[in-house]
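Numbering (the numbering used here), first residue to last: 502 to 764.
In this text, a Cβ means the ideal position worked out from N, Cα and C, and glycines have one as well.
For clarity, every value in this text was computed on a predicted model and none was experimentally measured.
First comes the structure, then the notes that go with it.
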């Protein structure tokens with residue numbers, strides 16, 4: 502039986518999630534398996550030197566670079582929902598994107614996308630004003646700058662309403678509910694640490710456009726990018742297993758095309 506025509510998928514991970522002597526993740530070991538990275542901008546992790554180092558490593562590795570803005574929550578790694586007005590969210594996100602964009606320009610690299618981190622992202626899935634603030638900050642940075650979003654969320658709909666290009670992503674090492682939400686981390690089975698299981702899920706996501714849901718049935722979607730959490734203890738092994746499994750299925754790992762390249 503002949504294989505189906507080769508298709509491509511982006512494989513991204515969060516990066517630069519360290520602060521001073523505090524280290525999270527292993528960017529050096531993870532980057533060779535990826536096509537894009539989301540670099541922390543100092544609010545949940547990262548500092549100027551860490552951001553600069555992550556950009557330089559991504560440049561050497563030929564990876565697409567995205568900004569990874571968060572609530573201002575270094576103590577909680579950006580995983581605590583903070584009470585913030587849409588104006589505050591807009592200003593915080595614009596500030597973080599601008600900082601990374603400026604560093605990228607100084608180092609001869611384009612900023613290719615934006616992806617919200619942690620609790621800011623999950624809040625935007627179900628809270629339209631927060632989603633709109635993130636989308637507006639992205640658009641005001643550059644109308645052609647894509648926003649990585651989880652399908653079937655307010656973040657997707659608000660970005661599209663503002664004309665912000667969207668890149669739909671899914672998480673092979675996180676479990677889903679039928680309605681498309683990621684299963685809460687407190688729920689048993691919400692995180693996948695077995696590289697082969699994550700690889701199986703990645704292939705299913707790309708080839709079938711669906712995945713089993715923890716609460717029964719399947720969640721169906723379209724995906725342009727697969728994301729691996731860089732702070733997952735098994736992230737490097739998971740990324741390696743996913744890359745091998747995808748390529749064995751004739752699926753090329755490649756950064757998503759920018760809007761102007763798609764025109």
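Grouping DSSP H, G and I as helix and E and B as strand, with all else coil, what is residue i?
{"i": "residue 665", "result": "coil"}
{"i": "residue 509", "result": "strand"}
{"i": "residue 463", "result": "With the chain running from 502 to 764 in the structure shown, residue 463 is simply not present."}
{"i": "residue 519", "result": "coil"}
{"i": "residue 613", "result": "strand"}
{"i": "residue 575", "result": "coil"}
{"i": "residue 751", "result": "coil"}
{"i": "residue 550", "result": "helix"}
{"i": "residue 539", "result": "strand"}
{"i": "residue 723", "result": "coil"}
{"i": "residue 713", "result": "strand"}
{"i": "residue 603", "result": "helix"}
Determine the burial state of residue i: buried for a count of at least 16 other Cβ atoms within 10 Å of its Cβ, exposed for fewer.
{"i": "residue 636", "result": "buried"}
{"i": "residue 567", "result": "buried"}
{"i": "residue 570", "result": "buried"}
{"i": "residue 688", "result": "exposed"}
{"i": "residue 557", "result": "exposed"}
{"i": "residue 574", "result": "buried"}
{"i": "residue 551", "result": "buried"}
{"i": "residue 745", "result": "exposed"}
{"i": "residue 697", "result": "exposed"}
Smallest Cα separation from residue i: which of the options?
{"i": "residue 717", "options": "731, 695, 726, 690", "result": "690"}
{"i": "residue 708", "options": "720, 739, 750", "result": "750"}
{"i": "residue 519", "options": "542, 533, 532", "result": "542"}
{"i": "residue 561", "options": "532, 598, 701", "result": "532"}
{"i": "residue 580", "options": "596, 659, 617", "result": "617"}
{"i": "residue 771", "options": "657, 603, 722, 554", "result": "In the structure as shown, the chain begins at 502 and stops at 764. Residue 771 is therefore absent and cannot be evaluated."}
Return the CA-CA distance between residue i and residue j, expressed in angstroms with no decimal places.
{"i": "residue 726", "j": "residue 549", "result": "27 angstroms"}
{"i": "residue 686", "j": "residue 572", "result": "19 angstroms"}
{"i": "residue 585", "j": "residue 638", "result": "15 angstroms"}
{"i": "residue 530", "j": "residue 605", "result": "22 angstroms"}
{"i": "residue 644", "j": "residue 665", "result": "6 angstroms"}
{"i": "residue 694", "j": "residue 720", "result": "20 angstroms"}
{"i": "residue 564", "j": "residue 714", "result": "31 angstroms"}
{"i": "residue 634", "j": "residue 576", "result": "23 angstroms"}
{"i": "residue 757", "j": "residue 583", "result": "32 angstroms"}
{"i": "residue 641", "j": "residue 514", "result": "24 angstroms"}
{"i": "residue 511", "j": "residue 535", "result": "8 angstroms"}
{"i": "residue 702", "j": "residue 733", "result": "16 angstroms"}
{"i": "residue 609", "j": "residue 660", "result": "28 angstroms"}
{"i": "residue 711", "j": "residue 704", "result": "10 angstroms"}
{"i": "residue 590", "j": "residue 544", "result": "12 angstroms"}
{"i": "residue 527", "j": "residue 619", "result": "19 angstroms"}
Write down the C-beta distance between residue i and residue j rounded to the nearest angstrom, noting that I regard them as a contact closer than 8 angstroms.
{"i": "residue 516", "j": "residue 741", "result": "The pair is not a contact, with the Cβ atoms about 16 angstroms apart (cut-off 8 angstroms)."}
{"i": "residue 607", "j": "residue 670", "result": "In fact, because the Cβ distance is near 28 angstroms, the residues do not count as touching under 8 angstroms."}
{"i": "residue 578", "j": "residue 546", "result": "7 angstroms"}
{"i": "residue 681", "j": "residue 652", "result": "6 angstroms"}
{"i": "residue 675", "j": "residue 683", "result": "5 angstroms"}
Let me see if you follow: with CB-CB separation under 8 angstroms, is residue i close to chain C or not?
{"i": "residue 757", "result": "Although the question refers to chain C, the structure presented lacks it and comprises just one protein chain."}
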